[in-house]
Amino acid sequence: MSRQAQDEYSLSSQHRTARAQQEGFFKEEIAPMQVKRAILDKKTGEKAGEEDHYVDGDECNRADTTLEGLGKLPPVFDSKSGQGSVTAGNSSQLSDGASATLVMSMERAKALGIRPKLVFRGYAVAACEPDEMGIGPVFAVPKLLKKHGLRVDDIDVWELNEAFASQVVYCRDRLGLPMDRLNVNGGSVSIGHPFGMTGSRLVGTIANELQRRRGRYGVVTMCVGGGQGAAALFEACQ
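So the sequence shown is numbered by my numbering: it starts at -2 and just counts up by one.
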């Protein structure tokens, strides 16, 4: 996996998220709130006080990212051999976040007068080598599609978790996922990848994107630390 391919993908992720935020694509899936946030002393890094802050959007996007800037970042792993290619710029970033997804039967939704956005059709999991957990979706997705009698081309939107650009590029190329349907509003490289939150976030993102595109099927995938891949199929409620 070349450094160039990883950096180019990361640049695309940053730009896609910037565009999506500008066009308000994430508004329906974010619950704004007033919070207190710490003020840090830039010289010492210590907390210097607090201020009121209105949170109404993800704060991790770096819209001014350039390919040249990404190319200047040193590798995080295997830095001595000169072969390392994973950097802070082509990896998901440290971030905090929370997400909730409401799941219920269609009968219950009708009784409460709730109009659902998605139907959860099923999922598949697969195992892989622990040190290759990032490519887990390569093994889970074919199982999911076979289970439901679908092909890659039948899926209108793909949300593949972006732990690292290397992982997404590899899965994309192995599975043959088209870029115009894959992480179309950016992913964890540009939005953030909080533990325990990304999967739920991706479900909300894919629900709204399927509605915008008037699409039918969406797939959310996960790589799982320890050596697993997972993939879930959703169908839009029209």
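We put the beta carbon where it would ideally sit given N, CA and C, even for glycine.
Residue i vs residue j beta-carbon contact at 9 Å
i      : j       : result
Ile203 : Cys168  : no
Thr63  : Gly183  : no
Val154 : Val216  : yes
Val186 : Ser(-1) : no
Of the listed residues the options, nearest to residue i (C-alpha basis)
i      : options                        : result
Glu126 : Phe136, Glu47, Gln80           : Phe136
Leu91  : Tyr214, Gly223, Ile188, Leu230 : Ile188
Phe161 : Val149, Arg178, Met130         : Met130
Asp61  : Asp93, His12, Glu20, Ala97     : His12
Gly21  : Gly223, Gly54, Lys44           : Gly54
Ala124 : Asp4, Gln19, Ala17, Ala227     : Ala227
Simplified DSSP assignment, three categories, for residue i
i      : result
Met130 : helix
Ala239 : Shown here, the chain extends from -2 to 235; a query on residue 239 therefore has no answer.
Leu109 : helix
Val73  : coil
Met194 : coil
Thr84  : coil
Val116 : strand
Phe23  : coil
Residue i versus residue j - alpha carbon distance
i      : j      : result
Gly86  : Ala233 : 34 Å
Ser88  : Ala108 : 44 Å
Phe192 : Asp93  : 8 Å
Ser197 : Asn158 : 11 Å
Glu26  : Gly201 : 6 Å
Gln235 : Arg210 : 11 Å
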